[in-house]
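J.: Quick one: the structure is below, questions incoming.
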Amino acid sequence: MLKARIMPTLLHKDIGLVKGVAFDSSRRVGTAMQAVKVYNMREVDELVFLDITATNDGRQPDYELIDDIADECFMPLTVGGGVRSVDDVSRLLMVGADKVSINTAATEVPELVAKSAAHFGSQCIVVSIDARREADGSHQVYTHSGTVATGRDPVNVARDAQAAGAGEVLLTSIDRDGTMDGYDIDLVRSVSVSVSIPVIASGGAGYYQHLADALGEGGASAVAAASVFHFTEQTPAEAKTFLAECGYPVRR
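Those letters in the sequence shown? Residues 54 to 305, per my numbering, in order.
This is the structure:
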């Protein structure tokens, strides 16, 4: 059985980290290097670093920054933001990323996922899906940091990602992002049961029980979180203890 992973998420904008609600990320929460050093000491399984303005600004990933972060990061590091080509994926892996997250380009340049997975291996390709609940209760995938509607269902996008060779799906509820009200379990479950690759639930964690809900009811393989670790006294180590007591296998 795969062990449940806890993955703090760092959202980078301009020169520092930010966190907000429903992708309105304006509150500064420090620097990436500072956060990495803290998480190195907190028994974190993996770390997710996303440059949330690179795509909308038409920028490539900041390879120099990722190189510096990777030098200090003693855990697997997933990097996303501004990835549009196989060369982008290659350069990120070369400067120290362990996995590369592809979001907007997975929709606009669908062959990128297949080419990257074939060249570098599925284990280092993550397709990131941002979804919003519509008025009729359905979910729709949005790109460009949640600003462009695609008209596509997250289940179909996840299935396409798996078929193209992606090794994981990072699934974020835009509506729950930063609310700390819990994950969108319906969204997580609908995607988790539709694919056989690991699904990382993201968006809404506020308490340890929310993590357990995503793994149990939602069927996720891992949980990503930001606000719960930025703005409360709760820690990844304590979260692991809680999950272990609930019967979930965790890394020690």
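Note that the Cβ used here is the ideal one computed from N, Cα and C, for glycine as well.
Because the structure is a prediction, the values reported are computed rather than measured.
(1) Does DSSP put Ala290 in a helix, in a strand, or in coil?
(2) If you draw a straight line from the C-alpha of Met94 to the C-alpha of His263, how long is it?
(3) Nearest by alpha-carbon distance to Met86: which of Ala75, Asp98 and Ala123 is it?
(4) DSSP on Pro302, reduced to helix/strand/coil?
(5) Going by C-alpha to C-alpha distance, which of Asp239, Met233 and Ser243 sits closest to Gly18?
(6) Looking at C-alpha atoms only, which residue of Glu286, Thr285 and Pro207 is the closest neighbour of Ala254?
(7) According to DSSP, is Ser226 helix, strand or coil?
(8) Starting from Val101, trace the alpha helix (DSSP H) in both directions and tell me its first and last residue.
(9) For a quick check, are the C-beta atoms of Ser141 and Pro114 less than 8 Å apart?
(10) In its own chain, which residues sit with a C-beta less than 6 Å from the C-beta of Ser175, not counting the 5 before and 5 after it?
(11) Who are the near neighbours of Pro289 in its chain, counting only those whose CB is closer than 8 Å to its CB and skipping five residues on each side?
(12) Quick check: Val89 and Arg81, are their CB atoms within less than 8 Å of each other?
(13) Straight-line CA distance for Gly271 to His192?
(14) Thinking C-beta only, is Pro251 closer than 8 Å to Ala57?
(15) Any chance the region 197-212 sits against the region 239-248, with 3 or more Cβ pairs inside 8 Å?
(16) Can you tell me the Cβ-Cβ gap for Ala159 and Ala214, rounded? I've got them flagged as a contact below 8 Å.
(17) Between which two residues does the beta strand (DSSP E) harbouring Ile59 extend?
(18) Taking the beta strand (DSSP E) that Val252 belongs to, which residues open and close that run?
(19) Mind checking who Val194 pairs with in its DSSP beta bridge?
(20) Report the rounded CA-to-CA distance for Asp67 versus Val179, giving the unit in angstroms.
(21) From Ala279, Tyr260, Ser249 and Glu286, pick the residue whose C-alpha is nearest to that of Ala273; which is it?
(22) Starting from Gly69, follow its DSSP beta bridges and name the residues at the other end.
(23) Is Ala258 near Ala278, with beta carbons less than 8 Å apart?
(24) Is Asp213 near the ligand GDP, going by C-beta to nearest heavy atom under 7 Å?
(25) So, at 6 Å on beta carbons, what are the nonlocal neighbours of Gly235 in its own chain, with the 5 sequence-adjacent residues on each side left out?
(26) Which complete alpha helix (DSSP H) runs does the region 232-276 hold, if anything under 4 residues is left out?
(27) Looking at the unbroken alpha helix (DSSP H) that takes in Val148, where does it start and where does it end?
T.: Taking the structure as given:
(1) helix
(2) 23 Å
(3) Just measuring C-alpha positions, the residue of Ala75, Asp98 and Ala123 sitting nearest Met86 is Ala123.
(4) coil
(5) This structure gives no information on residue 18, because the portion of the chain shown stretches from 54 to 305.
(6) Pro207
(7) strand
(8) Val101 -> not in any alpha helix (DSSP H); beta strand (DSSP E) instead, spanning Leu100 to Asp104.
(9) Checking the displayed sequence, the identity of residue 141 turns out to be Asp instead of Ser. Contact flag set, yes.
(10) The answer, listed in chain order, is Gly218 and Gly220.
(11) Ile59, Pro61, Tyr92, Arg95, Glu96, Val97, Asp98 and Phe282
(12) no
(13) 15 Å
(14) In this structure, Pro251 does not lie closer than 8 Å to Ala57 by Cβ.
(15) yes
(16) The pair is a contact, with the Cβ atoms about 6 Å apart (cut-off 8 Å).
(17) Counting along the chain, the beta strand (DSSP E) containing Ile59 begins and ends at Arg58 to Lys66.
(18) Val252 to Ser255 is the extent of the beta strand (DSSP E) around Val252.
(19) Ala184
(20) 23 Å
(21) Ser249
(22) According to the DSSP secondary-structure assignment, Gly69 is paired through a beta bridge with Lys66.
(23) yes
(24) Summarising the ligand content, the structure contains no ligands, and the ligand GDP is consequently not present.
(25) Gly257 and His263
(26) 238-245 and 261-269
(27) Premise fails: Val148 is in no alpha helix (DSSP H) and is neither H nor E.
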